[in-house]
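Remarks on the structure that follows.
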Ligand code: SF4
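In this note's numbering, the protein residues as written are 2 to 404.
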């Protein structure tokens, strides 16, 4: 086992990370865990022996542990993971595709989920109870999911249902990016889970059963989906959980068809109409495609919008020589550019940083958790309690059963 001292570049990287006008992504090389500038806020109970391991040794140990576990293990990797991690994935995808892969697995003992906490929870719900789902770094959460605190959502539900005519039916839809307890909450109330791949179908599901939709946590995906379905903006209100009636009047609430939780994705909120205009000025003929977690204005200004899977398909299927300005997470955009050498693919935000919580899955955490599994010791297991599992499974299965 080899440990190295922090490199002399560490101070330079720290300086780069603290500069709000730049992003060091392009200059990042695989680093020992202890040299990652943000490691100080990541899961700290990893044994010290893993901290300074050089990337080559981490790689060798991950491969050895995977070989020892054989078919007992499946590794799932989200598109936003860095290259040093995604290379180990048996399956890659967005949260919807990964949920399907988790549900399809047979005869395995372990799922190593290289994504963020809510995705690992969904994998735990969708796999048999004897399968252990492991999140390499328990500090890999999602800032958007954290914006919908279950207590705040329950209180908002009570407040809006009390303010409306008791005959009014509200169907709750939660984005996959939410706590398992909120998936259980919607499951109990005839609601459904959605992803950016299937949000319009979940709106159809909801409007077949009720007059209003409560959508959380991402206001932008909800607004973009409602807009795509022809619902006027003034029939979609934003619910700010810190304000009485979410910051709305009773009349606005009564008139609204869609109630949007005031959450957002910090990564996608950075994209702007000005960036699209600049891309068009600098790259005549550019195709602009953005993720629906971007604001409504950005989605309207783009040529197309869609889930990460849709973005990947569009770029892969495009003719050679085409140019693409993409509004989503930088690791995915860089990979798309690498995998399409006959096209030019760039990120609309020249200083966009990776999803900071996805980025917490460092290879050293993979080595730690996988070597634990080889030794019969499950570390970082993500478990959903039985009652939450029952109702969130109902909501997830409603989604998976959509045509
Ligand atoms: S990209 Fe945004 S929504 Fe996705 S995991 Fe990161 S913070 Fe959450």
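All C-beta atoms in this analysis are idealised placements derived from N, C-alpha and C, irrespective of residue type, glycine included.
All of these numbers come straight from a predicted model, not from anything done at the bench.
Query, Result
"Near ligand 1: residue 139 beta-carbon under 7 Å from a heavy atom", "no"
"Ligand 1 site residues, beta-carbon cut 7 Å against heavy atoms", "81, 117, 143, 144, 145, 146, 178, 266, 267, 268, 269, 294, 330, 356, 358 and 359"
"Expected contact under 8 Å - CB spacing of residue 258 and residue 214 to nearest Å", "7 Å"
"Bridge partners - residue 94, DSSP secondary structure assignment", "79"
"Status (buried if at least 16 other CB within 10 Å, exposed otherwise) for residue 309", "buried"
"C-beta atoms of residue 40 and residue 149 nearer than 8 Å", "no"
"Whether residue 334 touches residue 290 by CB criterion (8 Å)", "no"
"Same chain, Cβ closer than 6 Å to residue 189, five either side skipped, listed in chain order", "392"
"Enclosing beta strand (DSSP E) for residue 237 [first to last residue]", "237-240"
"Check whether residue 196 and residue 96 have beta carbons under 8 Å apart", "yes"
"Closest residue to residue 286 among 249, 325, 73 and 312 (Cα-Cα distance)", "325"
"Simplified DSSP assignment, three categories, for residue 382", "strand"
"Backbone CA spacing between residue 210 and residue 223 [nearest angstrom]", "18 Å"
"Residue 53, DSSP secondary structure in three states", "coil"
"Beta bridge counterpart(s) of residue 324 as assigned by DSSP", "345"
"Candidates 32, 254 and 264, of which the one nearest residue 83 by Cα", "32"
"Cβ neighbour criterion (16 or more within 10 Å) applied to residue 283", "exposed"
"Buried versus exposed, by CB contacts within 10 Å (16 or more), residue 185", "buried"
"Three-state class that DSSP yields for residue 133 in the structure shown", "strand"
"Under 8 Å between C-beta atoms of residue 277 and residue 349", "yes"
"Residue burial classification, residue 220 (beta-carbon count within 10 angstroms, cutoff 16)", "buried"
"Rounded straight-line distance, which links the Cα of residue 104 to that of residue 403", "15 Å"
"Residue interval of the alpha helix (DSSP H) (run including residue 369)", "364-375"
"8 Å Cβ cutoff met for residue 226 and residue 293", "yes"
"Residues of its chain near residue 142, where Cβ-Cβ distance is below 7 Å and the 5 sequence neighbours each way are ignored", "117, 118 and 358"
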